[in-house]
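S.K.:
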Amino acid sequence: IQKGLKDNGYDLPENGLMDEATTLAIEDFQRSQHIAYGEITLETLTLLGVN
Numbered sequence: 925i926q927k928g929l930k931d932n933g934y935d936l937p938e939n940g941l942m943d944e945a946t947t948l949a950i951e952d953f954q955r956s957q958h959i960a961y962g963e964i965t966l967e968t969l970t971l972l973g974v975n
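In structure tokens, the structure reads:
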């Protein structure tokens with residue numbers, strides 16, 4: 925997830941932790957894509973390129 929966010933321009937460490945910075949970046953990404961936000965969905969993972 926963090927790699928996908930970084931690939932989309934978010935400045936995050938790839939530390940594998942679901943920390944506050946990662947959570948906020950996920951919500952920001954979801955809003956920017958006009959999709960439901962607040963939870964990690966399959967749609968979010970797909971848009972981030974997570975396999």
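Here the working numbering is used: the first residue of the sequence shown is 925, the next is one more, and so on.
In this text, a Cβ means the ideal position worked out from N, Cα and C, and glycines have one as well.
Predicted model only: the values in this text are computed from it and were never measured.
Decide if L972 is buried, meaning its Cβ has at least 16 other Cβ atoms within 10 Å, or exposed.
M.R.: The residue you call residue 972 lines up with position 48 of the sequence shown. Classification of L972: buried, given that the 10 Å Cβ count is 16 or more.
S.K.: Helix, strand or coil: how does DSSP classify Q926 here?
M.R.: Indexing the sequence shown from 1 puts residue 926 at position 2. The answer is helix: DSSP assigns Q926 an H, G or I state.
S.K.: Taking E944 as the reference, give the member of Q926, I959 and L966 with the closest Cα.
M.R.: Reading the sequence shown from its first residue, position 20 is the one you call residue 944. The residue with the shortest Cα to Cα distance from E944 is Q926.
S.K.: With a 10 Å radius around its C-beta and 16 neighbouring C-beta atoms as the bar for buried, classify L929 as buried or exposed.
M.R.: Within the sequence shown, numbered from 1, the residue matching residue 929 stands at position 5. Looking at its Cβ environment, which holds 16 or more other Cβ atoms inside 10 Å, L929 is buried.
S.K.: In the structure shown, what three-state DSSP assignment does T968 receive?
M.R.: By one-based count along the sequence shown, residue 968 stands at place 44. Residue state, collapsed to three classes: helix.
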